[in-house]
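Asks:
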Amino acid sequence: MRCRPTLAATLSALWLAAPAAAQTAYVSNERGNTVSVIDLASGAVVDTFAVGQRPRGILLSKDGKHLYICASIDNAVEVRDAQTGALVAVMPAGNDPEQFFLSPDGRFLFVSNEDDAAATAIDLEARKVAWQVEVGEEPEGIAVSPDGKWLLVASEEDNSVSWIDLATRQTIVEMETDPRPRHIEFTPDGRQVWIAAEIGQTVHVVDVASREITRTIAFAPPGAMGYKVLPCGIRFTPDGKTAVIALGRADAIALVDVESGQVTGYVTTGGRPWHLAITDDGSRAVVANGTSDDVAVVDLATGKVTARIPAGAGPWGVVLAE
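Following this line, the structure appears as structure tokens:
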């Protein structure tokens, strides 16, 4: 079933400037079982299409033709046409897939299986499970290093991150973290990996070469109760200079200088920002607000929200396309 919004729901009164290049944002709405399609040039929701149950992770294929969507309750990854939203295929993905990561060559999709204590590798050409590897209990965050050497999987229950050598498919290191690691993100140059520990209320900065934590960043957004600071999604600007971190129920994102590890500012975005994406020119962040059912567009140079765009029920993830 597909539905299209009315004109009144498409434009934000806070929209201040047109983007440098038109892009489309795809937003997974985990409570609404839909994906919202947003034209960032106009701030308009141009389409909404129904997907499987509890969609969370959302990615775009290397060629931009397909969306991959974690339908967590359906234990599947849906492949959908990025232009029309039409279902192309349903791939088995292990039990309760939540987050996933595309291999640098686009051949495999690596999925964290929250209820199986496993990570699943899906062969995208064959559209079937290629292999699985055991990890810690209740895995969520998952990422592959830019050089394709490491697969990292965060275990929320065990407070650890598994370092899996993709050449051997063996876990080499179980790294202890602060409580409940939720998200993993490599810097664009692959020299560091940042790990968001939600209950620990921190982000670890890890040197990839030594696999050692070199810095732990804490957050104190103005006006937010400390217990609501729950770091989750992390993205880096393309130049690798700034990290943008969603702080969950603190209703804000943090801007962090990557070189120094210092927080340079906070931006209030809306209810429970969960995950986000950054435009190709590095000028804006597009933030999914899980409890206010909208998306915030943030000008990263000024630290100001320039738009609040309605989405579906429970925005969770966002991916951008030209």
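Letter by letter, the sequence shown follows residues -22 to -1, 1 to 300 of mature numbering (1 follows the signal peptide of the UniProt record, and there is no 0). Backbone N, C-alpha and C define an ideal beta-carbon position, used for all residues, glycine too. Note that the structure is predicted; figures quoted are calculated from it, not measured.
Going by the DSSP bridge assignment, what does Phe197 pair with across the sheet?
Replies: In DSSP, Phe197 forms no bridge with anything.
Asks: Which residues bound the beta strand (DSSP E) around Tyr4?
Replies: Element bounds for Tyr4: Thr2 to Asn7.
Asks: Using the Cβ count rule (16 or more neighbours within 10 Å means buried), how would you classify Met153?
Replies: So Met153 counts as buried.
Asks: Which term fits Pro75, buried or exposed, when burial requires 16 or more other beta carbons within 10 angstroms of its beta carbon?
Replies: That one is buried.
Asks: Rounded to whole angstroms, what's the CA-CA distance from Ala279 to Gln148? Just pull it up for me.
Replies: So the alpha carbons of these two residues sit roughly 42 Å apart.
Asks: Rounded to a whole number of angstroms, what is the C-alpha to C-alpha distance between Gly295 and Gly35?
Replies: Cα to Cα, the separation comes out at about 6 Å.
Asks: Whose C-alpha, out of Phe88, Gly119 and Asp101, is nearest the C-alpha of Val111?
Replies: That would be Phe88, whose Cα lies nearest to the Cα of Val111.
Asks: For the candidate residues Ile162, Asp229 and Glu134, whose alpha-carbon lies nearest to that of Ala121?
Replies: That would be Ile162, whose Cα lies nearest to the Cα of Ala121.
Asks: Can you tell me whether Ser90 is buried or exposed? The criterion is at least 16 other CB atoms within 10 Å of its CB, across all chains shown.
Replies: It is buried - the Cβ of Ser90 has at least 16 other Cβ atoms within 10 Å.
Asks: Which residue comes first and which comes last in the beta strand (DSSP E) that contains Asn137?
Replies: That residue, Asn137, is in no beta strand (DSSP E); it is neither H nor E in DSSP.
Asks: Quick one: give me the first and last residue of the beta strand (DSSP E) that Gln77 is part of.
Replies: Taken as a continuous stretch (DSSP letters only), the beta strand (DSSP E) holding Gln77 covers Pro75 to Leu80.
Asks: If you measure between the beta carbons of Gly290 and Asn7, is that distance less than 8 Å?
Replies: It is a contact, given that the beta carbons lie within the stated cut-off.
Asks: Counting C-beta neighbours from all protein chains within 10 Å, is the total for Tyr244 16 or more, i.e. buried, or is it exposed?
Replies: It is buried - the Cβ of Tyr244 has at least 16 other Cβ atoms within 10 Å.
Asks: Mind checking Met(-22): buried by the 16 CB within 10 Å criterion, or exposed?
Replies: With a pLDDT of 46 at Met(-22), under the threshold of 50, the modelled position of this residue cannot be trusted, and the question is left open.
Asks: Can you list, in chain order, the stretches of the alpha helix (DSSP H) that have 4 or more residues and sit fully within the region 59 to 127?
Replies: Runs of the alpha helix (DSSP H) inside the region 59 to 127: none found.
Asks: Reducing DSSP to helix, strand and coil, say where Gly204 ends up.
Replies: In the structure shown, Gly204 sits in a helix (DSSP, three-state: H, G or I).
Asks: Just reading off the beta strand (DSSP E) that Asp277 is part of, what are its end residues?
Replies: First-last of the beta strand (DSSP E) with Asp277: Asp272 to Asp277.
Asks: Taking 7 Å as the limit between beta carbons, can you name the residues of its chain near Trp(-8), skipping five residues before and five after?
Replies: Its pLDDT being 40, under 50, Trp(-8) is placed unreliably by the model, and nothing is read from it.
Asks: Kindly indicate which residue of Gly63, Asp83, Asp229 and Val241 has the alpha-carbon position closest to the one of Val273.
Replies: Out of Gly63, Asp83, Asp229 and Val241, Asp229 has the C-alpha closest to the C-alpha of Val273.
Asks: What residue range does the beta strand (DSSP E) around Gln179 cover?
Replies: No beta strand (DSSP E) contains Gln179, which DSSP labels as neither H nor E.
Asks: Using three-state DSSP, classify Arg262 as helix, strand or coil.
Replies: Arg262: strand per DSSP, three-state reduction.
Asks: Please report the Cβ distance between Thr26 and Ser14, rounded to the nearest whole angstrom; I am assuming they are in contact, meaning their Cβ atoms lie under 8 Å.
Replies: With 8 Å as the limit, Thr26 and Ser14 qualify as a contact, their Cβ atoms being about 5 Å apart.
Asks: Would you give the residue range spanned by the beta strand (DSSP E) that Leu38 belongs to?
Replies: From DSSP, the beta strand (DSSP E) with Leu38 extends over Pro33 to Leu38.
Asks: As a quick exercise: from Lys106, Gly126, Val131 and Val207, pick the residue whose alpha carbon is nearest that of Ala96.
Replies: Looking at the Cα atoms, Val131 is the closest of the given residues.
Asks: Identify whether Ser(-11) lies in helix, strand or coil by the three-state DSSP scheme.
Replies: Residue placement at Ser(-11) is flagged as unreliable, the pLDDT there being 42, under the threshold of 50; the coordinate-derived value follows with that caveat. Ser(-11): coil per DSSP, three-state reduction.
Asks: Quick one: Cα of Ala(-5) to Cα of Gly260, how far?
Replies: Only weak support is given to the placement of Ala(-5): the predicted model assigns it a pLDDT of 43, under 50, and the value that follows is read from those uncertain coordinates. Looking at the two C-alpha atoms, the distance is approximately 15 Å.
Asks: So the beta strand (DSSP E) Glu152 belongs to, where does it begin and stop?
Replies: Unbroken beta strand (DSSP E) run through Glu152: Gln148 to Glu154.
Asks: How would you write the range of the beta strand (DSSP E) that Leu45 sits in, first residue to last?
Replies: Where Leu45 is concerned, the enclosing beta strand (DSSP E) stretches over His44 to Ala49.
Asks: Identify which residue in Pro159, Ser140 and Pro157 has its Cα closest to the Cα of Val151.
Replies: Minimum Cα distance to Val151 is reached at Ser140.
Asks: So who's on the other strand from Asp229, going by DSSP bridges?
Replies: According to DSSP, Asp229 bridges with nothing at all.
Asks: Are the CB atoms of Phe79 and Ala99 within a distance shorter than 8 Å?
Replies: Their beta carbons are not under 8 Å apart, which means Ala99 does not touch Phe79 by this criterion.
Asks: What is the DSSP secondary structure of Asn53, counted as helix, strand or coil?
Replies: Of the three classes helix, strand and coil, the one that applies to Asn53 here is coil, per DSSP.
Asks: Would you tell me roughly how many angstroms separate the C-alpha atoms of Ala67 and Gly10, rounded to the nearest one?
Replies: Answer to the nearest angstrom: the Cα atoms are 21 Å apart.
Asks: Would DSSP call Gln240 helix, strand or coil?
Replies: In this structure, Gln240 counts as coil in the three-state DSSP scheme.
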